[in-house]
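First residue of the sequence shown? That's 17 in the working numbering, and the numbers climb one at a time after it.
Ideal Cβ positions, reconstructed from N, Cα and C, are used throughout, including at glycine.
As structure tokens, the structure follows; a few thoughts come after it.
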Amino acid sequence: MKSINYFQGEVIDIVRRLLAVEDDALADARRRAKESGVPLIEIAPEDGAILGVVVALLRPRLIVEIGTLFGYSATWMARSLPPQGRLITLEANPEHARVARTTFERAGVADRIEIIVGDAAKTLATVVGPVDLVFIDADKPAYPDYLAWARKTLRPGGVVLADNSLDKGRIGSPELPRTHAVRAFLEELAADPAWQAAMIPTLEGLAIAVRTEAR
Ligand code: SAH
Ligand code: MG
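As structure tokens, then:
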């Protein structure tokens, strides 16, 4: 099958202008992150819009995000939460968490978000379910572990989203350990009947999977 990548240049510009509009709070968050030396490795605006639509469809009571950074993706999700919905976001770097806290206050979503600072390998165990949506976007070597956690914590019908699931195109011929891990994550999604999965071909690859009834 022949394929052309037209999702670039002015095509992305049009999508961002029409369907992924950043407001001042989100743009200001990126500026503050830059000033504080926080790396600008947040999701793209069009990914944020996808997260927002998934949240609006699912109407989750509890979202768990792994990898807060400066709070960009969490803000997109939190804004789509239903009235009683909450988001817990896990971040290893206290400086990132500090910048994220300001992002949530300025975006008007601080009341529905809790940041847990520490290595997710430890802090995930403190999260009490049931969880409706898990967004995986932290250290790539741990993707298989995060998936295993999501498998046991998500309610049936719950959803996993995972950013960087194509590892910048390296997924086709994995050499780095991190690429092997992301590939193992995708293979697990494919092999385990507990998941119904697909790839949303964003710039970074956004995997999406529903937790089925299978045990
Ligand atoms: N979801 C964010 C981007 C996250 S970048 C957004 O799109 O806006 C990845 C983040 O994960 C970084 O802030 C990094 O400090 C954090 N991180 C990396 N390893 C981690 C771990 N083991 N536990 C918790 N956070 C981790
Ligand atoms: Mg990412």
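> With respect to the alpha helix (DSSP H) encompassing A141, which residues constitute its N-terminal and C-terminal limits?
Replying inline: For this step, residue 141 is matched to residue 125 along the sequence shown. Taken as a continuous stretch (DSSP letters only), A141 belongs to no alpha helix (DSSP H), as it is neither H nor E.
Along the chain, where does the beta strand (DSSP E) that runs through I224 open and close? Here the question's residue 224 lines up with position 208 in the sequence shown. Run containing I224: 222-227, per the beta strand (DSSP E) assignment.
With distances taken Cα to Cα, identify the nearest neighbour of V69 among M93, A214, V143.
In the sequence shown, the residue the question calls residue 69 occupies position 53. V69 has its Cα closest to that of M93, out of M93, A214, V143.
- Query: Among I152, T169, A41, which one has its Cα closest to the Cα of R122?
  - Reply: Along the sequence shown, read from residue 1 onward, the residue named residue 122 stands at position 106. Looking at the Cα atoms, A41 is the closest of the given residues.
Q: Taking 5 Å as the limit, tell me which residues put their C-beta closer than that to any heavy atom of the ligand MG, in chain order.
A: D153, D179, N180
What number of angstroms, rounded off, separates the C-alpha of R102 from the C-alpha of A72? Counted from its first residue, the sequence shown places residue 102 at position 86. Counted from its first residue, the sequence shown places residue 72 at position 56. Cα-Cα distance, rounded: 13 Å.
So is the beta-carbon of E107 under 7 Å away from any non-hydrogen atom of the ligand SAH?
-> Translated into the one-based positions of the sequence shown, residue 107 becomes position 91. Yes, the Cβ of E107 comes within 7 Å of a heavy atom of the ligand SAH.
Can you list, in chain order, the residues of its chain whose CB lies under 7 Å from that of L34, leaving out five sequence neighbours each side? Here residue 34 corresponds to residue number 18 of the sequence shown, with the count starting at 1. The answer is none, since no qualifying residue turns up.
Kindly list the residues whose CB is nearer than 6 Å to the CB of L85, restricted to its own chain and excluding five residues on each side of it in sequence; keep chain order.
Residue 85 sits at position 69 when you count from the first residue of the sequence shown. Excluding positions up to five away in sequence, the list reads E58, H112.
Check: Tell me which same chain residues have a C-beta within less than 6 Å of the C-beta of L170, skipping the five on either side of it?
Finding: For this step, residue 170 is matched to residue 154 along the sequence shown. The answer, listed in chain order, is V147, R227.
Enumerate in chain order the residues of its own chain whose CB-to-CB distance from P98 is below 6 Å, with the five nearest sequence positions on each side excluded. Counting from 1 along the sequence shown, the entry for residue 98 is found at position 82. Same-chain partners within the cutoff: R75.
* Any chance the CB of L85 is under 7 Å from a heavy atom of the ligand SAH? -> Counting from one through the sequence shown, the residue named residue 85 turns up at place 69. Because some heavy atom of the ligand SAH lies under 7 Å away, the Cβ of L85 counts as near it: yes.
**Request:** Count the other C-beta atoms from every protein chain shown that fall within 10 angstroms of the C-beta of G64, then say buried if there are 16 or more, exposed otherwise.
**Result:** Along the sequence shown, read from residue 1 onward, the residue named residue 64 stands at position 48. It is buried - the Cβ of G64 has at least 16 other Cβ atoms within 10 Å.
Expected contact under 8 Å - CB spacing of R167 and D183 to nearest Å: Position 151 of the sequence shown, counting from 1, holds the residue named residue 167. Position 167 of the sequence shown, counting from 1, holds the residue named residue 183. Contact between R167 and D183 does not hold, since the beta-carbon distance rounds to 21 Å and is not under 8 Å.
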